[in-house]
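Numbered according to UniProt numbering, the sequence shown terminates at residue 166, and the numbering increases by one at each position without gaps.
Structure first, then comments.
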Amino acid sequence: MPVKPLLAALTLVLAVGATGCGKDDPQPKADPTSSSSDQPTGTPTATDEPSDGSTPTSPAVGLPTDFPAQTEVPVVSGVVTSKNSGTQSTGRMGWQIELQAVGTRKGCFDRAAAALVAAGFAKQAAMTAGDTLQAQYTTKKWAVIISSRSDGSSCQLGYEVGQLAD
């Protein structure tokens, strides 16, 4: 992949991350993604199968309504525990999603990576930092960084998604 689109994707991911630091800002720069309609009801738990609250486009419970379709950016089954999104001046979007899923750190990471590859994503880079596995995958339209870490009997999966093209 050419360096400029890769740098643009990383810039978008970092810009979306920076917007998450201003959660107490009374004037958000992007349309807030957390609302009572976005939140799952009851006390959801991570499962291997889609559960109540999942949408036809994703097996994850609690994704933002404007998150890309499962066919474009596949997300593994789980319960979203945090989410953030933002729009660049170009109109392109970016999201940060954390979800709790069933499995080991490596098992969750491998499922997320396999889903991205099956959807046409190419692996660009990978690393391990402490107890976190991380890798970047791209298509012509999307850049996705996944990360996985252990959370007791389950895992926490992070998705940082940046739109590269319309």
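The beta carbon of each residue, even a glycine, is placed where N, CA and C say it ideally should be.
Quiz item: DSSP state of D151, grouped into three classes?
Solution: D151 falls in the strand class under three-state DSSP.
Quiz item: DSSP puts G91 in a beta bridge; with which residues?
Solution: Looking at the DSSP assignment, G91 forms no beta bridge with any residue, so it has no partner.
Quiz item: How long is the line joining the alpha carbons of C155 and K83, rounded to whole angstroms?
Solution: The straight-line gap from Cα to Cα measures roughly 16 angstroms.
Exercise. Answer with buried or exposed for V117, where buried requires no fewer than 16 other C-beta atoms within 10 angstroms of its C-beta.
Key: By the neighbour-count rule (16 or more Cβ atoms within 10 Å), V117 is not buried but exposed.
Self-check item: Proximity winner among L133, A122 and S85, relative to G107 (alpha-carbon distances)
Solution: Nearest option by C-alpha distance: L133.
Practice problem: Specify, as a first and last residue, the run of the alpha helix (DSSP H) that A113 falls within. | Solution: Looking at the DSSP string, the run of the alpha helix (DSSP H) that includes A113 is R105 to A118.
Quiz prompt | Cβ distance (whole Å) where R111 is taken to contact S150 below 8 angstroms | solution = A Cβ-Cβ separation of about 15 angstroms leaves R111 out of contact with S150 under the 8 angstroms criterion.
Exercise. Note the first and the last residue of the continuous beta strand (DSSP E) segment covering Q136.
Key: Note, Q136: beta strand (DSSP E), T132 to T138.
Quiz item: By how many angstroms is the C-alpha of A122 removed from the C-alpha of D66?
Solution: D66 and A122: Cα-Cα distance of roughly 24 angstroms.
Self-check item: Own chain partners of G158 with C-beta closer than 6 angstroms, once the 5 adjacent residues on each side are dropped
Solution: Answer for G158: E98 and S147, listed in chain order.
Quiz item: Ordered along the chain, which non-local residues of its own chain (more than five positions away) have a Cβ less than 7 angstroms from that of A165?
Solution: Hits under 7 angstroms: K140 and K141.
Exercise. Can you tell me which of the three DSSP states T128 falls into?
Key: Secondary structure of T128 (DSSP, three-state): strand.
Quiz prompt | Nearest neighbour of A125, chosen from I145, A119, G162 and P74 [CA to CA] | solution = A125 has its Cα closest to that of I145, out of I145, A119, G162 and P74.
Quiz item: Under a three-way DSSP split, which group does residue 167 fall into?
Solution: Nothing about residue 167 can be read from this structure; the chain reaches only from 1 to 166.
Quiz item: Does the Cβ-Cβ distance between G78 and Q100 come in under 8 angstroms?
Solution: The Cβ atoms of G78 and Q100 sit closer than 8 angstroms to each other.
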